[in-house]
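Mind the numbering: the sequence shown is residues 463 to 749 in the working numbering, read in order.
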Amino acid sequence: MPDAATAQAARAAIGDSEFDRDTAVTLREPGVYDIDLSAGWTIISAVNGGYLLAVLGRALADALPHSDPFTISAHYLTASQPGPAVIRTELVRTGRTLSTGQASLFQYDDEGREVERIRVLASYGDLDSLPDDVRTSAKPPAFPPLDQCFGPEDGPAPVPGSSAITDRLMLKLDPATLGWALGSPSGKGEMRAWFGLADGRDADPLSLLLAVDALPPTAFELGLSGWVPTVELTVHVRSRPAPGPLRVSITTRNLAGGFLEEDAEVWDSANRLVAQSRQLARARLAA
Numbered sequence: 463m464p465d466a467a468t469a470q471a472a473r474a475a476i477g478d479s480e481f482d483r484d485t486a487v488t489l490r491e492p493g494v495y496d497i498d499l500s501a502g503w504t505i506i507s508a509v510n511g512g513y514l515l516a517v518l519g520r521a522l523a524d525a526l527p528h529s530d531p532f533t534i535s536a537h538y539l540t541a542s543q544p545g546p547a548v549i550r551t552e553l554v555r556t557g558r559t560l561s562t563g564q565a566s567l568f569q570y571d572d573e574g575r576e577v578e579r580i581r582v583l584a585s586y587g588d589l590d591s592l593p594d595d596v597r598t599s600a601k602p603p604a605f606p607p608l609d610q611c612f613g614p615e616d617g618p619a620p621v622p623g624s625s626a627i628t629d630r631l632m633l634k635l636d637p638a639t640l641g642w643a644l645g646s647p648s649g650k651g652e653m654r655a656w657f658g659l660a661d662g663r664d665a666d667p668l669s670l671l672l673a674v675d676a677l678p679p680t681a682f683e684l685g686l687s688g689w690v691p692t693v694e695l696t697v698h699v700r701s702r703p704a705p706g707p708l709r710v711s712i713t714t715r716n717l718a719g720g721f722l723e724e725d726a727e728v729w730d731s732a733n734r735l736v737a738q739s740r741q742l743a744r745a746r747l748a749a
């Protein structure tokens, strides 16, 4: 359960929070949206991939006949920067229960040329229409309660350039995955944390797209440091999350050739697995 400071914080409502304002898109013409990417969601000077996925996810929710992301796959082509961007969407197929679309986010370079930053393909549906039947061998991650975990404010100086996004998150890391912050990485490639938004806004399907990519990279626990840029990220949203903090568990089993995978699970306060993801990321190896 949340600690006293978290419980006393003013709670923002879904639709009226910093996350909602910073992911809001403006319809320019059918299928085309404008947005000003906020500098508040940057990490080491680049815009966070989960925030960007939520931005594209919001545009597709408006453009498609269905409103909830079921699966969304993104290829990160070039690093996005804070500032103006345009999103172009396309309806690929629509059916009774699922609709599929694609979207790309573009910005302009210093010469005024349009550069594609991200391209996604996604299927949307209605999470509230899904049957309640659950048959699973998955179990929630086991780690200490929220008040026995640690956030960025509890540790040494943050990674340079990374404080903007952490200021907007309620992030409390499992002490067992904090060896990297103490100079003694475990080598296990694991990261676990309680997750929420700093203004107390409850999670919804779009914020789950942020949650899977908001923890420190598992590469830190493998003894690496610095930016770990995402190459490809696929997220499956399985259920609308219950109110309350989320538990996020991320693991890496194989770092090879300068690339690693990260598998994430997101569990809600009702002990339901509400989102899963896998991403391929580039790791900076020591020369």
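For every residue, glycine included, the Cβ atom is placed at its ideal position computed from N, Cα and C.
Can you give the Cα-Cα distance for residue i and residue j, rounded to whole angstroms?
i      : j      : result
Asp730 : Pro707 : 7 Å
Ile712 : Leu686 : 16 Å
Arg715 : Leu742 : 12 Å
Gly545 : Thr598 : 43 Å
Thr556 : Leu583 : 13 Å
Thr504 : Asn510 : 5 Å
Ser739 : Asp571 : 31 Å
Gly563 : Leu722 : 28 Å
Leu633 : Leu608 : 9 Å
Gly649 : Val674 : 21 Å
Pro527 : Pro593 : 20 Å
Lys601 : Ala737 : 13 Å
Arg558 : Pro678 : 39 Å
Arg490 : Gly574 : 20 Å
Gln543 : Leu644 : 31 Å
Could you please give me the residues that DSSP links to residue i through a beta bridge?
i      : result
Lys634 : Trp656
Glu727 : Ser711, Gln738
Ile497 : Ala547
Tyr513 : Its beta-bridge partners do not exist; DSSP assigns none.
Val699 : Ala737
Thr504 : Val509
Arg555 : Thr562
His537 : Arg581, Glu694
Pro607 : Paired residues: none, contrary to the question.
Thr488 : Asp496
Gly613 : Answer by DSSP bridge pairing: none, since Gly613 is not bridged.
Arg744 : Phe721
Pro531 : Tyr586
Phe568 : Val548, Glu578
Asp478 : Ala475
Can you list, in chain order, the residues of its chain with a C-beta nearer than 6 Å to that of residue i? Leave out the 5 residues immediately preceding and following it.
i      : result
Ala732 : Ala704
Arg473 : Gly662
Ser535 : Leu583, Thr696
Ser585 : Phe532, Thr533, Leu560, Thr562
Leu635 : Cys611, Phe612, Ala655
Glu694 : His537, Leu742
Pro603 : Arg654, Arg709, Ser711
Asp725 : Thr713, Arg740
Gly605 : Rather than Gly, the amino acid found at residue 605 in this sequence is Phe. Correct list, in chain order: Asp636, Arg654.
Arg581 : His537, Ser566
Gly688 : Arg746
Using a Cβ-Cβ cut-off of 7 Å (strictly less than) and excluding sequence neighbours within five positions of residue i, which residues of its own chain qualify?
i      : result
Ala467 : A caution first: Ala467 carries a pLDDT of 42, below 50, which makes its placement in the model unreliable, though a value can still be read off. Answer for Ala467: no residue qualifies.
Leu672 : Gly512, Tyr513, Ala516
Pro647 : Gly641, Phe682, Glu683, Leu684, Gly685
Glu576 : Phe568, Tyr570
Gly493 : Ala525, Arg550, Thr551, Glu552
Asp484 : Ser500, Gly502, Trp503
Ser479 : Leu659, Asp661, Arg663
State the CB to CB distance for the pair residue i and residue j, rounded to an integer number of angstroms; the pair is presumed to be in contact (CB under 8 Å).
i      : j      : result
Phe481 : Val699 : About 16 Å separates the two Cβ atoms, so there is no contact after all.
Ala418 : Ala541 : Nothing in the structure corresponds to residue 418, since the chain is present only between 463 and 749.
Asp530 : Asp595 : 18 Å between Cβ atoms; not a contact.
Ala745 : Val710 : That pair is no contact at about 20 Å.
Glu727 : Leu717 : That pair is no contact at about 20 Å.
Gly651 : Thr692 : Between Thr692 and Gly651 the Cβ distance is about 16 Å, and since that is not below 8 Å, they are no contact.
So, at 8 Å on beta carbons, what are the nonlocal neighbours of residue i in its own chain, with the 5 sequence-adjacent residues on each side left out?
i      : result
Thr488 : Tyr495, Asp496, Ile497
Leu747 : Leu686, Gly720
Ala626 : Ala501, Gly502, Trp503, Thr504, Ile505
Leu631 : Phe657, Gly658, Leu659, Ala660, Ala676
Glu578 : Leu539, Thr540, Ser566, Leu567, Phe568
Ala486 : Ile497, Arg520
Ile476 : Asp482, Arg663, Asp664, Asp666
Arg702 : Asp530, Leu589, Asp590, Asp666, Pro667, Val736
Three Cβ pairs or more, each shorter than 8 Å: is that satisfied between the stretch 635-649 and the stretch 667-674? No contact exists between the stretch 635-649 and the stretch 667-674.
How do the stretch 509-528 and the stretch 547-561 stand: do at least 3 beta-carbon pairs fall below 8 Å, yes or no? Yes, they touch.
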